[in-house]
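Worksheet: one structure, shown below.
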Amino acid sequence: MKKIIAILIIALLFLGITGCKNINEASFKILSSPSEADVYINGNLKGKTPLTITLSYGDYEIEIKKENYEVEKRELTVNRKTKDINIALSEKKRCDVVLNIQESPLLESPYTVYLDGHFTVEVTECTLKNIPKGTHTIRLVSLEDILEKTINLAGDITLSRQDFNRAISYSNYSWLSSLMDIEDYSEHYGKGMKLIVFNDDKPLVNVCCSAAATAYSNIFVNETVNVSGYIEKEAAINNFDIVFPSGKKVHFDTTEKNGYMVFSKKVTFDEVGKYTIGKGSPFEVLYKATPLSLTKTIYELFGEIYELSGKRGDTVAIPENTEETIKLFITDANGKPVINKSIGMYGAKTDSHGIVALKVKGKCGFYGITVNGENVGVRLYGGLIGCVYHTTTLNKKDVDIKYINGDVYIPKALVLEYFSNEFIKDTKIIDGKEYADLETLKGGGPIGGGSIESGPILACSVIITDDEIEFLKMCDMVP
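Mapping the sequence shown onto our numbering, position 364 (from 1) lands on 379, and the numbers just tick up by one.
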């Protein structure tokens with residue numbers, strides 16, 4: 016009997032000791048590097064690292080958050096084997112920019128937001144998400160002015176209007192290339208019926224000096240943009256329509272603000288072809304065209320000096336008096352290939368891969384390019400332009416070529432037969448004869464590496480193969 020009582024006493028003591036702790040719980044530490052990060056368990060904030068926490072057995076989602084670091088998530092099953100958790104945080108490579116900016120103060124028109132020159136579809140107060148760290152330029156465009164700020168983005172930031180500098184005020188700025196009439200001037204005696212379309216990033220190009228006599232909008236099919244602008248009150252235009260190629264219309268009503276009739280609306284241009292605004296001249300919305308690898312470009316033949324503003328690297332190079340077939344990859348604004356459809360010009364359509372073949376021919380002189388037999392000036396399709404070049408090919412055996420310390424020299428007299436003297440920078444006397452160093456021929460082609468210094472001079476290039484030496488010269492400046 017005493018033995019039984021002793022066993023019961025021991026059992027009760029054991030239960031008393033273990034009863035102080037729930038056997039279905041586990042305690043462990045959550046650490047992070049760096050520390051002082053917020054710890055969320057199933058979405059609820061529990062504290063900062065390092066954190067000691069006790070959880071019942073089961074499944075949990077743990078989130079570790081710290082400013083300027085990527086959020087780390089873990090799925091955790093808590094049981095008696097659970098050990099301390101140590102999480103290494105990674106610095107954010109992308110950040111958010113919050114723009115706490117209301118409408119422009121005078122006209123109360125919304126600002127359209129551009130990031131590094133690209134339309135963002137954001138207007139007025141917004142957050143630009145997942146922007147890579149580094150230097151960026153934010154431009155805010157309204158009917159009243161343009162604000163601009165360059166930032167070195169190292170983490171999430173908030174900007175107000177006071178953080179920006181005024182880049183342009185419309186009171187002293189000409190919008191000649193960015194405006195388009197929405198009514199005939201003669202009907203209103205020159206009143207300011209102007210439309211700022213897509214603001215400064217996507218202006219309508221003037222009809223002037225375009226053989227096609229149609230303004231190109233720089234908009235691609237299926238692109239959504241903010242169409243905003245103003246009309247002087249005296250013009251008495253209370254509404255107007257954008258008319259699509261099919262006849263579909265997007266209606267705009269104007270609102271009076273501070274002596275102007277203003278308007279703003281997002282429009283998706285989902286048709287290829289000619290559009291009109293009010294009674295104004297037509298403008299085109301086309302697909303995006305990218306030259307395929309076998310189509311020669313000005314960049315490939317003459318170097319990067321003719322990438323005007325960094326946007327002309329894909330200018331198509333067209334040899335003089337020779338018909339060639341160029342192939343273009345056609346997509347909409349979102350990069351989706353356009354399959355077996357008309358491109359809206361030249362009676363041409365894409366194939367099953369989104370590729371269109373066009374026959375081009377050029378001659379030196381103004382508007383010297385034809386596409387599928389139609390004169391096009393310099394604009395081949397949409398924003399894609401072409402430039403004609405003259406070429407002279409000689410047998411390499413007939414040319415006295417010197418190779419000295421990695422440089423290539425040919426007789427200066429021969430160079431001057433094809434290029435003017437201004438294209439030669441350095442010369443060398445070899446065996447009593449003057450030679451020109453091809454490394455310093457302006458134009459920077461496959462051999463040359465020079466750069467244009469100043470003035471409206473034409474680019475040139477020299478290509479040397481196993482059998483031939485070819486002299487190339489652009490006939491006209493790239494517009």
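The C-beta atom is built at its ideal place from N, Cα and C for all residues, glycine as well.
Of the residues D347, H405, E338, Y404, the one whose Cα lies closest to the Cα of L373 is E338.
Contact check between the region 357 to 370 and the region 250 to 259: fewer than three CB pairs, one atom from each, fall below 8 Å, which does not count as touching. DSSP, read as helix, strand or coil, puts A428 in helix. At the C-beta level, N237 and D347 come within 8 Å of one another. In this structure, the alpha-carbon of S47 lies about 5 Å from that of N101.
Note: D268 is bridge-paired with N254 in the DSSP secondary-structure output.
Contact between A332 and Y418 is absent: CB atoms are separated by about 27 Å, not below the 8 Å threshold.
Assignment of beta-bridge partners to K448 by DSSP yields I445. Its Cα nearest to that of L431, the residue F486 stands out among F486, K264, I79. Closest by C-alpha distance to P297, out of V265, M276, V258, is V258. Ranked by Cα distance from T291, the options K303, H266, L307 are led by H266. Between the alpha carbons of F344 and T64 lies a gap of roughly 53 Å. Annotation for L60: the continuous beta strand (DSSP E) segment containing it runs 59 to 63. In terms of Cβ geometry, V156 and Y129 form a close pair [threshold 8 Å]. Pairing K378 with P334, the inter-Cα distance amounts to about 8 Å. A Cβ-Cβ contact shorter than 8 Å links E106 with Y84. When the Cα atoms are used, S476 and K488 turn out to be separated by approximately 6 Å. Cβ contact annotation for R154 (same chain, cutoff 6 Å, sequence separation greater than five): Y129, E163, in chain order. Judged by their CB atoms, K80 and D53 are nearer to each other than the 8 Å cut-off. Within the DSSP secondary-structure output, L307 pairs in no beta bridge. If you draw a straight line from the Cα of I444 to the Cα of Y450, it is about 6 Å long. The Cβ neighbour count for A304, taken over all protein chains shown within 10 Å, is at least 16; the residue is labelled buried. Out of T340, R394, V423, E82, the CA that lies nearest to the CA of L309 is found in T340.
Nearest to K281 by alpha-carbon distance, out of Y126, N420, G262, L168, is Y126. With distances taken between CA atoms, T407 lies nearest to I479 out of K96, I479, N355, L395. Taking the Cα positions, T92 is about 10 Å away from S71. In terms of CA proximity to D178, T165 leads the group A169, T165, V371. In this structure, DSSP gives E315 a helical state, which the three-state scheme calls helix. Setting aside the 5 residues that flank it on each side, N57 is surrounded in the same chain by Y75, E76, each with a C-beta closer than 7 Å to its C-beta; the list follows chain order. When secondary structure is reduced to three states using DSSP, Y84 falls in the strand class. Within the same chain, Cβ atoms closer than 6 Å to the Cβ of L174 are found at L114, the five residues on either side in sequence being excluded. In this structure, S261 sits away from E299, with a CB-CB distance that is not shorter than 8 Å. L143 and E82 have their alpha carbons spaced roughly 17 Å apart.
Annotated as proximal: T330 and I313, with beta-carbon spacing under 8 Å. By the Cβ neighbour-count rule, R181 is exposed, with fewer than 16 other Cβ atoms within 10 Å of its own.
Residue burial annotation: D160 is buried, with at least 16 other C-beta atoms found within 10 angstroms of its C-beta.
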